[in-house]
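S.K.: Going from the sequence shown to the working numbering is simple: count from 1 and add 9.
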Amino acid sequence: MNAAPNARRERAEPPEHAEHALLRVRGLAKAYREAGRDHTIFEGLDLTIPEGAFTVLMGRSGAGKSTLLNLISGIDRPDAGTVTIGETELTGLSETERTRFRRRHVGFVFQAFNLIPTLTALENVLLPLELSGGAGEEDRTRARHVLGAVGLEDRTGSFPDRLSGGEQQRVAVARALAHHPRLVLADEPTGNLDYETGEQVLGVLARLAAESDTTLLVATHDRSALPHADRALRLEGGTLREGARADEA
Numbered sequence: 010m011n012a013a014p015n016a017r018r019e020r021a022e023p024p025e026h027a028e029h030a031l032l033r034v035r036g037l038a039k040a041y042r043e044a045g046r047d048h049t050i051f052e053g054l055d056l057t058i059p060e061g062a063f064t065v066l067m068g069r070s071g072a073g074k075s076t077l078l079n080l081i082s083g084i085d086r087p088d089a090g091t092v093t094i095g096e097t098e099l100t101g102l103s104e105t106e107r108t109r110f111r112r113r114h115v116g117f118v119f120q121a122f123n124l125i126p127t128l129t130a131l132e133n134v135l136l137p138l139e140l141s142g143g144a145g146e147e148d149r150t151r152a153r154h155v156l157g158a159v160g161l162e163d164r165t166g167s168f169p170d171r172l173s174g175g176e177q178q179r180v181a182v183a184r185a186l187a188h189h190p191r192l193v194l195a196d197e198p199t200g201n202l203d204y205e206t207g208e209q210v211l212g213v214l215a216r217l218a219a220e221s222d223t224t225l226l227v228a229t230h231d232r233s234a235l236p237h238a239d240r241a242l243r244l245e246g247g248t249l250r251e252g253a254r255a256d257e258a
């Protein structure tokens, strides 16, 4: 399936001038302890992403990209700082409240697909809707529509082990978008795919996010994501910088 690199609508306004920021990260700090020593991943990190923008977060393995996505989604808690999505400050919520918020408003695409092997493609896409108390007939129609949009209308009844890697990742993209999230976070979504298949998956993700005006943050070391994006950042030495280095990949 072909997907045009320029699937995005008009490019997003730079965050410092954006009136409608969806994501605001302020003063974020996270460290881990190993062998009796504290290791700082980042400290005092700030990030603003406008609503509807597609941002690529570059950085080498171990730079902290996955950690940052986990903090933004509320899967993990920062040592300091705040994460605000829309009008909700996640760092002020309990774990139960963060889980409820994430299920309703955040979609996730993982490198390893993370599909349930005993569920069909359709059932995997329906899972976030079921966890949010939905999955009625309207939701099933929505799930079929999104699977069709990623080119899998004839694979809705297939189990993951009957799908190729690219097809599994497209199911994961459909699952991330099925419940109309405000924000989709993708962690190395092309990491287990060959170049051509990865390009197709990125194109589908960009197109569907643009069509639904969903804000998209993709963490990757794959430079092929850059043509799809409104903005590129790199995480290096615990600091976010504009742009991506030529030797990033």
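For every residue, glycine included, the Cβ atom is placed at its ideal position computed from N, Cα and C.
None of these values were measured; they are calculated from a predicted model.
Return yes when the Cβ of residue 148 is within less than 8 angstroms of the Cβ of residue 136, no when it is not.
M.R.: Position 127 of the sequence shown, counted from the start, is the residue given in the question as residue 136. Position 139 of the sequence shown, counted from the start, is the residue given in the question as residue 148. Cβ distance not < 8 angstroms, so residue 136 and residue 148 don't count as in contact.
S.K.: So which of 105, 50, 79, 219 has the shortest CA-CA distance to residue 189?
M.R.: To locate residue 189, count along the sequence shown from 1; it is residue 180. Nearest option by C-alpha distance: 219.
S.K.: Cβ of residue 3 within 8 angstroms of Cβ of residue 58?
M.R.: Residue 3 lies beyond the stretch modelled for the chain, which goes from 10 to 258, so this question has no answer here.
S.K.: Any idea if residue 237 is buried or exposed, counting beta-carbon neighbours within 10 angstroms, 16 or more meaning buried?
M.R.: Residue numbering aside, residue 237 sits at position 228 when the sequence shown is read from its first letter. Flag for residue 237 reads buried.
S.K.: Any idea what DSSP makes of residue 206, helix, strand or coil?
M.R.: Stepping through the sequence shown from its first residue, residue 206 is reached at position 197. Three-state DSSP puts residue 206 in a helix.
S.K.: Using beta-carbon positions only, say whether residue 124 and residue 177 come within less than 8 angstroms of one another.
M.R.: Here the question's residue 124 lines up with position 115 in the sequence shown. Here the question's residue 177 lines up with position 168 in the sequence shown. Going by C-beta atoms, residue 124 is nearer than 8 angstroms to residue 177.
S.K.: Note down the Cα distance separating residue 114 from residue 192, rounded to an integer number of angstroms.
M.R.: Position 105 of the sequence shown, counted from the first residue, corresponds to residue 114. Position 183 of the sequence shown, counted from the first residue, corresponds to residue 192. Approximately 6 angstroms between the Cα atoms of the pair.
S.K.: Starting from residue 46 and walking both ways along the alpha helix (DSSP H), at which residues does that stretch end?
M.R.: Here residue 46 is taken as the residue at index 37 of the sequence shown, counted from 1. Counting along the chain, residue 46 falls outside any alpha helix (DSSP H), though it belongs to the beta strand (DSSP E) covering 46–59.
S.K.: Check the DSSP bridge columns for residue 39 and list the partner residues they point to.
M.R.: Residue 39 sits at position 30 when you count from the first residue of the sequence shown. Its beta-bridge partners are 51.
S.K.: Please report the Cβ distance between residue 186 and residue 217, rounded to the nearest whole angstrom; I am assuming they are in contact, meaning their Cβ atoms lie under 8 angstroms.
M.R.: Within the sequence shown, the letter at position 177 stands for residue 186. Within the sequence shown, the letter at position 208 stands for residue 217. Rounded, the Cβ-Cβ distance is 5 angstroms, consistent with contact.
S.K.: Considering only C-alpha positions, which residue in the set 196, 172, 33, 163 is nearest to residue 95?
M.R.: The count along the sequence shown starts at 1 and reaches residue 95 at position 86. Of the candidates 196, 172, 33, 163, the one whose C-alpha sits nearest the C-alpha of residue 95 is 33.
S.K.: May I have the straight-line CA-CA distance separating residue 249 from residue 110, to the nearest angstrom?
M.R.: By one-based count along the sequence shown, residue 249 stands at place 240. By one-based count along the sequence shown, residue 110 stands at place 101. Roughly 26 angstroms between the two C-alpha positions.
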